[in-house]
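Worksheet: one structure, shown below.
Quick look at the structure:
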């Protein structure tokens, strides 16, 4: 599996990556600190899973999801966010992507993997 | 002032991000509308630099809810609004027929309650994430010129979180600060260090 983790927090990215590689050492997990970087990586590679933060500087996670889809990205997407308000969850649902509440922990990363169909809940 | 590494500040910013997210969910339920959040900006400054960091003029009239808390870090958190914005916030959280009360006793109670709920949600989330439980005490409201309000905190280091949020069609921007004495700042930094060791 190829995974792209998009989050402006270096610590959040590192924890997600560490938990995923601990569970699946054979996976490739790459990181992007913002939407532009994510779009550049996705232009060159096909990712199977995207973990995307919502509240990022310049371009938010919702806009990034739409941009990735517009560019033909086929991977499964989960939004991983601290903004746990109901309207935010509903917007994620309307985009057809999973919503996982931060904080980033081994449990929430497992929930993300389950939500994209890579692990039993 | 203590030195914080880039990684420590990143971890702390992420902890506050989770806290602000929880606080916004509470506020959203109170006003019945989505609270749109900006990316929180975290700075460690001394009290003298706080106003500049907030971007507030010394003579601006502000209302601040100050929330003392104890536990792993014994200190105070502060939620501050310009006075005009605080009226907007009270109007957003109280029934329409009560909005003439201006900053009377009930409006002050409403604002203190909002501050209590927002800061409590934020502190609880930060404490939970860092495995350093925090317990809140009785909050109080302070009004006056910004310099005077911040002056209550002089001599302490501040963890400043600038949280910009808007509710429905109103722009209500707030400022959150976590004030830590030297000893509390050290305890916070140690908790961040333990968090990083445990997760990376």
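Protein chains in written order, with the working numbering: chain S, 75 to 195; chain R, 5 to 204. We put the CB at the ideal spot given by N, CA and C, even for glycine.
Subject >> Chain-ordered neighbours of residue 203(R) on chain S, where CB pairs are closer than 9 angstroms >> reply: Near residue 203(R) (Cβ distances below 9 angstroms), the residues of chain S are 85, 88, 89, 92, 93, 178, 179 and 180.
Subject >> Test item: CB-CB of residue 165(R) and residue 77(R) under 7 angstroms >> reply: No Cβ-Cβ contact shorter than 7 angstroms links residue 165(R) with residue 77(R).
Original post:
Would residue 116(R) be called buried (16 or more neighbouring beta carbons within 10 Å of its own) or exposed?
Top reply: By the 10 Å Cβ count, residue 116(R) comes out buried.
Original post:
Using a Cβ-Cβ cut-off of 6 angstroms (strictly less than) and excluding sequence neighbours within five positions of residue 124(S), which residues of its own chain qualify?
Top reply: Excluding residues within five positions, the ones whose Cβ falls inside 6 angstroms are 78, 149 and 151.
Original post:
In chain R, what lies closer than 7 angstroms to residue 158(S) by C-beta?
Top reply: Within chain R, the residues whose beta carbon sits less than 7 angstroms from that of residue 158(S) are 25, 26 and 29, listed in sequence order.
Original post:
Can you give the Cα-Cα distance for residue 128(R) and residue 138(R), rounded to whole angstroms?
Top reply: Roughly 6 angstroms separates the two Cα atoms.
Original post:
When we look at the beta-carbon of residue 263(S) and count the other beta-carbons within 10 Å, is it buried (16 or more) or exposed?
Top reply: Since the first residue shown for chain S is 75 and the last is 195, residue 263(S) is missing from the structure and cannot be characterised.
**OP:** For my contact list, residue 31(R) and residue 39(R) are in at a C-beta cut-off of 8 angstroms; report their separation, rounded to the angstrom.
**Re:** Contact flag correct, Cβ pair sits at about 5 angstroms.
**OP:** Indicate whether the contact test is met: 3 or more Cβ pairs, each with one atom in the region 103-116 of chain S and one in the region 158-175 of chain S, closer than 8 angstroms.
**Re:** Contact annotation: the region 103-116 of chain S does not touch the region 158-175 of chain S, with fewer than three C-beta pairs closer than 8 angstroms.
Original post:
What is the residue span of the alpha helix (DSSP H) that residue 70(R) lies within?
Top reply: Taken as a continuous stretch (DSSP letters only), residue 70(R) belongs to no alpha helix (DSSP H), being part of the beta strand (DSSP E) at 65-75.
**OP:** Taking residue 129(S) and residue 41(R) to be in contact with their CB atoms under 8 angstroms, please state how far apart those CB atoms are, rounded to whole angstroms.
**Re:** With a Cβ gap of about 6 angstroms, residue 129(S) and residue 41(R) count as contacting.
**OP:** Kindly indicate the opening and closing residues of the beta strand (DSSP E) around residue 148(R).
**Re:** Under the DSSP assignment, residue 148(R) falls in the beta strand (DSSP E) whose first and last residues are 144-149.
Original post:
If you draw a straight line from the C-alpha of residue 191(R) to the C-alpha of residue 87(S), how long is it?
Top reply: Whole-angstrom Cα-Cα distance: 25 angstroms.
Original post:
Going straight from the alpha carbon of residue 53(R) to that of residue 151(R), what length do you get?
Top reply: If you take the alpha carbons of residue 53(R) and residue 151(R), they lie about 11 angstroms apart.
Original post:
Between the beta-carbon of residue 162(R) and the beta-carbon of residue 49(R), is there less than 7 angstroms?
Top reply: In this structure, residue 162(R) sits near residue 49(R), with a CB-CB distance shorter than 7 angstroms.
**OP:** State yes or no: is the C-beta of residue 14(R) within less than 7 angstroms of the C-beta of residue 143(S)?
**Re:** No; because the gap between Cβ atoms is not below 7 angstroms, this pair is not in contact.
**OP:** Tell me, please, whether the CB atom of residue 108(S) is closer than 7 angstroms to any CB atom in chain R?
**Re:** Any Cβ of chain R closer than 7 angstroms to the Cβ of residue 108(S) would place that residue at the interface, and such an atom is absent.
**OP:** Look at the alpha carbon of residue 191(S) and the alpha carbon of residue 184(S), and state the distance between them as a whole number of angstroms.
**Re:** If you take the alpha carbons of residue 191(S) and residue 184(S), they lie about 11 angstroms apart.
Subject >> Residues near residue 105(S) in its chain [Cβ-Cβ closer than 6 angstroms; skip 5 each side] >> reply: Hits under 6 angstroms: 79 and 87.
Original post:
Using the C-alpha atoms, what's the distance from residue 177(R) back to residue 94(R)?
Top reply: One C-alpha to the other measures close to 13 angstroms.
**OP:** Could you check if residue 196(R) is buried or exposed, using at least 16 other CB atoms within 10 Å of its CB as the buried criterion?
**Re:** Residue 196(R) is buried by the Cβ-count criterion.
Subject >> Simplified DSSP assignment, three categories, for residue 181(R) >> reply: In this structure, residue 181(R) counts as strand in the three-state DSSP scheme.
**OP:** Identify the contact partners of residue 99(S) in chain R, using a Cβ-Cβ distance below 7 angstroms as the criterion.
**Re:** Listed by position along chain R, the residues whose Cβ is nearer than 7 angstroms to that of residue 99(S) form an empty set, because the closest Cβ is around 17 angstroms away.
Original post:
In chain order, what residues of the same chain lie with their CB nearer than 6 angstroms to the CB of residue 73(R), ignoring the 5 residues before and after it?
Top reply: So the list reads 127, 138 and 140, once near-sequence residues are dropped.
Original post:
Alpha carbon to alpha carbon, how far is residue 126(S) from residue 148(R)?
Top reply: Looking at the two C-alpha atoms, the distance is approximately 42 angstroms.
**OP:** Would you identify the three-state DSSP class for residue 162(S), choosing helix, strand or coil?
**Re:** If DSSP states are grouped into helix, strand and coil, residue 162(S) belongs with the helices.
Original post:
Quick one: what's residue 105(S) bridged to in DSSP?
Top reply: Looking at the DSSP output, residue 105(S) bridges to 79(S).
Original post:
Ordered along the chain, which non-local residues of its own chain (more than five positions away) have a Cβ less than 8 angstroms from that of residue 62(R)?
Top reply: Result list for residue 62(R): 55, 149, 150 and 151, in chain order.
Subject >> Boundaries (first-last residue) of the beta strand (DSSP E) holding residue 155(S) >> reply: Looking at the DSSP string, the run of the beta strand (DSSP E) that includes residue 155(S) is 150-155.
**OP:** Using beta-carbon positions only, say whether residue 153(R) and residue 68(R) come within less than 7 angstroms of one another.
**Re:** Their beta carbons are under 7 angstroms apart, which means residue 153(R) touches residue 68(R) by this criterion.
**OP:** Answer with yes or no whether the minimum CB distance from residue 9(R) to chain S is below 7 angstroms.
**Re:** Between residue 9(R) and chain S, the shortest Cβ-Cβ separation is not below 7 angstroms.
Original post:
Comparing the C-beta of residue 57(R) with each C-beta of chain S, is any distance below 7 angstroms?
Top reply: Not flagged as an interface residue toward chain S: residue 57(R), since no C-beta distance is shorter than 7 angstroms.
Original post:
What is the DSSP secondary structure of residue 90(R), reduced to helix, strand or coil?
Top reply: For residue 90(R), the three-state secondary structure derived from DSSP is helix.
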